Amino acid sequence: MGAGPMGEQDRGYHAERVQISYWDELGNETVRHFAANLPDDEIPLTIDSPQSGLPAGRDKNNPPSVAKLEPYKTHLSPT
1 MGAGPMGEQD RGYHAERVQI SYWDELGNET VRHFAANLPD DEIPLTIDSP
51 QSGLPAGRDK NNPPSVAKLE PYKTHLSPT
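In structure tokens:
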């Protein structure tokens, strides 16, 4: 009644994907999937790591480092 048999395979087209790994300074790996036909210049070189919040890059041996962290000073912002 209704939904069809379990494990039905005809539920749509599965697009080809590529898997890209990113690493942060702490060695955390984050994997992102992108469409296989996406040009390389549209795939980001860095992302924010969900585990640490640090920037993560594609080069495991040379991950991006954090620029000097400074708190946002609202009293200095232009109004």
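UniProt numbering applies: residue 1 is where the sequence shown begins, and numbers increase by one.
The beta-carbon is built from N, C-alpha and C at its ideal position, and this holds for glycine as well.
These numbers come from a predicted model, not from an experiment.
Test item: CB-CB of residue i and residue j under 7 Å
i, j, result
"A35", "I47", "no"
"P63", "E25", "yes"
"R11", "I20", "no"
"N28", "S52", "yes"
Outcome for residue i when other beta-carbon atoms lying within 10 angstroms are tallied against a minimum of 16
i, result
"Y22", "buried"
Inter-residue CB distance, residue i and residue j (contact presumed, cutoff 8 Å)
i, j, result
"R58", "L38", "With a Cβ gap of about 15 Å, R58 and L38 do not count as contacting."
Residue i Cβ short of 6 Å to the ligand SAM heavy atom set
i, result
"P55", "The ligand SAM is absent from the structure shown, which contains no ligands of any kind."
Cβ-based neighbour list, residue i, same chain, cut-off 7 Å, excluding 5 preceding and 5 following
i, result
"K60", "W23"
- Message: What ranges does the beta strand (DSSP E) occupy inside the UniProt region "Disordered" (41 to 79), keeping only unbroken runs of at least 3 residues that lie completely in it?
- Response: 46 to 48 and 55 to 57
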